[in-house]
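Chemist: For my numbering, count along the sequence shown from 1 and bump the result up by 3.
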Amino acid sequence: MFRRLIAVFAAWTTLTGAAHAACQLHLIADFKVTLQGSSPLIDAKINGENVKMIADSGAFYSSLSQGAVTQFKLQQEAGNVFMYTIGIGGTQSISTTKVKSFTIADQTLSNQVFLVTDNEVGAGVAGLMGENILGLVDAYYDLPDGAIKMLRPVGCGDRPFVLWDASRPFSTIPLAPHEGSFRAIQVDAFVNGKRIRAELDTGASASMLSADAARRAGLNIDDPTATNGGVHRGIGRRMVATSIVPVESFKIGDEEVKHTRLRVASFSLPGVDMLLGEDFFLSHRVYVANSQRQIYVTYTGGPVFDLSVAPRSPATQTALSPPKLDGPAPDVKRNDGSFAPTDADGFSRRGMAYASRRQFALAIADLTRSTELAPKEARYLTERATVYWASGQPQLAKPDLDKSLQLDPGDTQALVTRAALRIGSGDKPGGLADLGAADKALPKEADIRFEMAGLYSGADSGAGAVAQLSLWIKAHPDDNRLAETLNARCWDRALFDIDAEQAVADCDAALRHNHKMAAYLDSRGLAHLRLGQNDQAIEDYDAALALEPRIAWSLYGRGLAKLRKAQTADGKADLAAATALAPRLPDYAKAHGFSP
């Protein structure tokens, strides 16, 4: 496969420009990257059909999701029983599939082999493009400008590769050795002065340090100022809970962040202590010189680590101190630090990169320029709408979505986004109409049905929610969100009185995955309450509240069950405590048939 790719890419090699004939950089592939949330997406085609792939420098080999394999009716073959992949969620056995025609960067490759992963990697995303493609030659990661370039140096020796303003400080960092053909972008870094091994991983939504490495660096995971960092997912069956903890120093190359915080998670990856994720790439430009076994890194500004789950304070996160220049600049053509956009697509990609960094004013300015340069392109209007909404301006988002759907009525992402806006503003019939149109246009295996189910539920269409969840569960039997989805179907069935006995079965299945999830116990408590099984409901609610004492629904449901058992004082106390936490809950519960 490597030889075939190199031969194909060599056929479309062009010279990027060189001031000195002795050092030339040949452009092997120029991937246009659009940041969607925390994912760098590249356009591709599977057997002629358009798809999105995540550019994942942390994946040793390219892969497709199980849903994509089913959707495109690809043949799946079992892998070697002794081979497996490993990610933050644990290990996963390997199976493979072959794509007859796979197109990237306007080049079509025949009979390409992909690994098959159980987990979806994002709504509308078919899979991951890994290091078997990205690591073939040198790679320049310029996510702030929405670009990844594969380059082949000729006659450059050990000169530093600096494709940004020569006056901008940069670090030169040796790449760690790798075994066999499986490349990885791994380097040494330092946390509180302790050496760690970090992997540069564009597929990781946020940088995170392993709990073991954190302890070795003297970090106190139980620090009273530590905060909940949310749940993250990747390869493997487990969802990984994270914490954000204080750290005195993080250093890579000549750059250092002082008095900051790091996201810490319990994961185990062979030889890797930390993942430097998309947040790191958005605040840096990175040239991976596989030809020299080094990387060149320059800081471009903004927060280095995405700590958005916790309040961000200037006092707790400082900018990187300027690194020192390391050696002479190469005698090759450079730009002034960024690739200034010249067309609508360039402005769009840079705008979405700004949006990923929550620089909404700059994002909107770039996306507005895209709509001016290409007024008939629906995608740019949809992108600007999502940024308007994220920046707290939903009143500006809807006109863009309306116009986008006039241009492209079948854009399912725009339909689902407008449905969310309509439902959130009280227009439930309009939202349901958009969801219905999206439902008809989408393949049954589409991952976005997971999101649509929540919107149906929010529009009080329990049947619609259950239908979407059922389609998703059937297409994703091994996804690491399966338990979460079973719990959601349990909840919707109980809330909307759609086969409460089956709701209990759904929650039982979810709890077999994780018997200490308060949300799953809370849902099963509601199902038992719907069935009039008051003792079982109280038992589940007690267990849920022992784990999370402030779940309003658990308090309210337990109060109702106690009242039914004539435990009047305790029941009223629970109802009062629930109402104090969620004043609108009694009316909402009554509307769904749960009242004293």
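Backbone N, C-alpha and C define an ideal beta-carbon position, used for all residues, glycine too.
Could you round the C-beta distance between ALA347 and ALA377 to whole angstroms and report it? I think they count as a contact, below 8 Å.
Modeler: In the sequence shown, the residue the question calls residue 347 occupies position 344. In the sequence shown, the residue the question calls residue 377 occupies position 374. Sure, about 4 Å apart at Cβ, within 8 Å.
Chemist: Excluding sequence positions up to five away, which residues of its chain have a Cβ less than 6 Å from the Cβ of HIS595?
Modeler: Reading the sequence shown from its first residue, position 592 is the one you call residue 595. Closer than 6 Å at Cβ, skipping near neighbours: LEU498.
Chemist: By DSSP's criteria, ARG198 is part of a beta bridge. Which residues make up the other side?
Modeler: Start at 1 with the first residue of the sequence shown, and residue 198 comes out as number 195. According to DSSP, ARG198 bridges with PHE193.
Chemist: Excluding the 5 residues flanking ASP463 on each side, which residues of the same chain have their C-beta closer than 7 Å to its C-beta?
Modeler: As a working note, residue 463 is residue 460 in the sequence shown. If we look at ASP463 and ignore the five residues flanking it on each side, its Cβ neighbours are LYS431.
Chemist: Buried or exposed: which applies to HIS531, given that a residue is buried once 16 or more other Cβ atoms fall within 10 Å of its Cβ?
Modeler: By 1-based counting over the sequence shown, the position of residue 531 is 528. HIS531 should be labelled buried.
Chemist: Under a Cβ-count criterion, where at least 16 other Cβ atoms within 10 Å of its own Cβ denotes burial, should ASN223 be classed as buried or exposed?
Modeler: The sequence position of residue 223 within the sequence shown is 220, counting from 1. Exposed is the call here.
Chemist: Give the range of the alpha helix (DSSP H) segment to which ASP543 is assigned.
Modeler: Numbered from 1 along the sequence shown, position 540 holds the residue referred to as residue 543. Its alpha helix (DSSP H) spans residues 537–550.
Chemist: Check the C-beta distance from TYR299 over to THR175 and give it rounded, since I have them as a contact under 8 Å.
Modeler: Within the sequence shown, numbered from 1, the residue matching residue 299 stands at position 296. Within the sequence shown, numbered from 1, the residue matching residue 175 stands at position 172. With 8 Å as the limit, TYR299 and THR175 qualify as a contact, their Cβ atoms being about 6 Å apart.
Chemist: Around the C-beta of LYS613, are 16 or more other C-beta atoms found within 10 angstroms, so that it is buried, or is it exposed?
Modeler: Residue 613 lies beyond the stretch modelled for the chain, which goes from 4 to 599, so this question has no answer here.
Chemist: Three or more C-beta pairs under 8 Å: does that hold for the stretch 22–36 against the stretch 154–165?
Modeler: yes
Chemist: Leaving out five residues on either side along the sequence, give the residues of the same chain with a beta carbon under 6 Å from the beta carbon of ASP411.
Modeler: By one-based count along the sequence shown, residue 411 stands at place 408. So the list reads ALA381, once near-sequence residues are dropped.
Chemist: Determine, using beta-carbon pairs with one atom in the stretch 210–227 and one in the stretch 270–283, whether at least three such pairs fall under 8 Å.
Modeler: yes
Chemist: Could you compute how far the alpha carbon of VAL358 sits from the alpha carbon of TYR143?
Modeler: The residue you call residue 358 lines up with position 355 of the sequence shown. The residue you call residue 143 lines up with position 140 of the sequence shown. A small fix is needed here, since residue 358 is Ala in this sequence, not Val. Rounded to whole angstroms, ALA358 to TYR143 spans 21 Å at the Cα level.
Chemist: If we call anything under 7 Å between Cβ atoms a contact, is ALA546 one with LEU524?
Modeler: Against the sequence shown, residue 546 aligns to sequence position 543. Against the sequence shown, residue 524 aligns to sequence position 521. Yes, the Cβ-Cβ distance between ALA546 and LEU524 is below 7 Å.
Chemist: What did DSSP end up calling PHE253 once you bin it into helix, strand or coil?
Modeler: Numbered from 1 along the sequence shown, position 250 holds the residue referred to as residue 253. DSSP places PHE253 in strand when its eight states are reduced to three.
Chemist: Near SER66, which residues of its chain fall below 6 Å by C-beta distance, leaving aside the five closest residues on each side in sequence?
Modeler: To locate residue 66, count along the sequence shown from 1; it is residue 63. PHE117, LEU118, THR120, GLY130, LEU131.
Chemist: List the endpoints of the continuous alpha helix (DSSP H) containing ASP282.
Modeler: Numbered from 1 along the sequence shown, position 279 holds the residue referred to as residue 282. Unbroken alpha helix (DSSP H) run through ASP282: 281–285.
Chemist: Taking the C-alpha atoms as reference points, what is the distance between ILE188 and GLY535?
Modeler: Taking the first residue of the sequence shown as position 1, residue 188 is located at position 185. Taking the first residue of the sequence shown as position 1, residue 535 is located at position 532. Going from the Cα of ILE188 to the Cα of GLY535 covers about 57 Å.
Chemist: Could you check the C-alpha separation between TYR469 and GLY304 for me, to the nearest Å?
Modeler: Position 466 of the sequence shown, counted from the first residue, corresponds to residue 469. Position 301 of the sequence shown, counted from the first residue, corresponds to residue 304. Per the sequence shown, the amino acid found at residue 469 is Val instead of Tyr. So the alpha carbons of these two residues sit roughly 45 Å apart.
Chemist: With a CB to CB cut of under 7 Å and the five nearest residues on each side skipped, what residues in its chain are close to PRO43?
Modeler: Start at 1 with the first residue of the sequence shown, and residue 43 comes out as number 40. Answer for PRO43: VAL36, ILE57, ALA58, LEU146, THR205, GLU281, listed in chain order.
Chemist: Could you pull out every residue in the same chain whose Cβ sits closer than 6 Å to the Cβ of TYR391, ignoring the five residues on either side in sequence?
Modeler: Here the question's residue 391 lines up with position 388 in the sequence shown. Shown here for TYR391: same chain residues with a beta carbon closer than 6 Å to its own, the five before and five after excluded, namely LEU399, ALA400 in chain order.
Chemist: For SER113, report the span of its beta strand (DSSP E) as first-last.
Modeler: Within the sequence shown, the letter at position 110 stands for residue 113. Taken as a continuous stretch (DSSP letters only), the beta strand (DSSP E) holding SER113 covers 110–120.
Chemist: Does ILE367 come out as helix, strand or coil in the three-state DSSP assignment?
Modeler: In the sequence shown, counting from the first residue as 1, residue 367 sits at position 364. Reduced to three states, the DSSP call for ILE367 is helix.
Chemist: In the DSSP assignment, find the unbroken beta strand (DSSP E) run with TYR591 in it and report its ends.
Modeler: Here residue 591 is taken as the residue at index 588 of the sequence shown, counted from 1. Taken as a continuous stretch (DSSP letters only), TYR591 belongs to no beta strand (DSSP E), being part of the alpha helix (DSSP H) at 588–594.
Chemist: Taking C-alpha atoms, which residue in LEU30, GLU259, ARG421 lies nearest to VAL140?
Modeler: On the sequence shown, residue 140 is found 137 positions in, with the first residue counted as 1. When only C-alpha atoms are compared, the closest one is LEU30.
Chemist: Below 7 Å CB to CB, which residues in the same chain sit around ALA108 once its five sequence neighbours on both sides are set aside?
Modeler: By 1-based counting over the sequence shown, the position of residue 108 is 105. Only ALA32, ASP33, PHE34 meet the Cβ criterion.
Chemist: Can you name, in chain order, every residue of its own chain whose Cβ lies under 6 Å from the Cβ of VAL54, other than the five neighbours on each side?
Modeler: Along the sequence shown, read from residue 1 onward, the residue named residue 54 stands at position 51. Here the set comprises ALA47, ALA129.
Chemist: So the alpha helix (DSSP H) PHE453 belongs to, where does it begin and stop?
Modeler: Taking the sequence shown and counting its residues from 1, the one referred to as residue 453 is at position 450. For PHE453, the enclosing alpha helix (DSSP H) has its first and last residue at 452–461.
Chemist: Note down the Cα distance separating HIS479 from GLN69, rounded to an integer number of angstroms.
Modeler: Along the sequence shown, read from residue 1 onward, the residue named residue 479 stands at position 476. Along the sequence shown, read from residue 1 onward, the residue named residue 69 stands at position 66. Their backbone Cα atoms lie some 7 Å apart in a straight line.
Chemist: Determine the DSSP secondary structure at GLU448, reduced to helix, strand or coil.
Modeler: Within the sequence shown, numbered from 1, the residue matching residue 448 stands at position 445. Of the three classes helix, strand and coil, the one that applies to GLU448 here is coil, per DSSP.
Chemist: Report buried or exposed for GLU375, applying the criterion of at least 16 other Cβ atoms within 10 angstroms of its Cβ.
Modeler: By one-based count along the sequence shown, residue 375 stands at place 372. By the neighbour-count rule (16 or more Cβ atoms within 10 Å), GLU375 is not buried but exposed.
Chemist: Which residue comes first and which comes last in the alpha helix (DSSP H) that contains HIS262?
Modeler: As a working mapping, residue 262 is identified with position 259 in the sequence shown. Element bounds for HIS262: not the alpha helix (DSSP H) but the beta strand (DSSP E), 258–268.
Chemist: Taking the beta strand (DSSP E) that TYR143 falls in, what are its first and last residues?
Modeler: Position 140 of the sequence shown, counting from 1, holds the residue named residue 143. Here the beta strand (DSSP E) through TYR143 covers 141–145.
Chemist: Note down the Cα distance separating ALA217 from GLY467, rounded to an integer number of angstroms.
Modeler: The residue you call residue 217 lines up with position 214 of the sequence shown. The residue you call residue 467 lines up with position 464 of the sequence shown. Looking at the two C-alpha atoms, the distance is approximately 45 Å.
Chemist: Give me, in chain order, the residues of the same chain whose beta-carbon lies closer than 6 Å to that of LEU38; leave out the 5 immediate sequence neighbours on both sides.
Modeler: As a working mapping, residue 38 is identified with position 35 in the sequence shown. Its chain contains MET355, ALA356, SER359 as the residues whose beta carbon lies nearer than 6 Å to that of LEU38, once the 5 sequence neighbours on both sides are disregarded; these appear in chain order.
Chemist: Name the two residues that bound the continuous alpha helix (DSSP H) containing HIS531.
Modeler: Taking the sequence shown and counting its residues from 1, the one referred to as residue 531 is at position 528. Where HIS531 is concerned, the enclosing alpha helix (DSSP H) stretches over 521–533.
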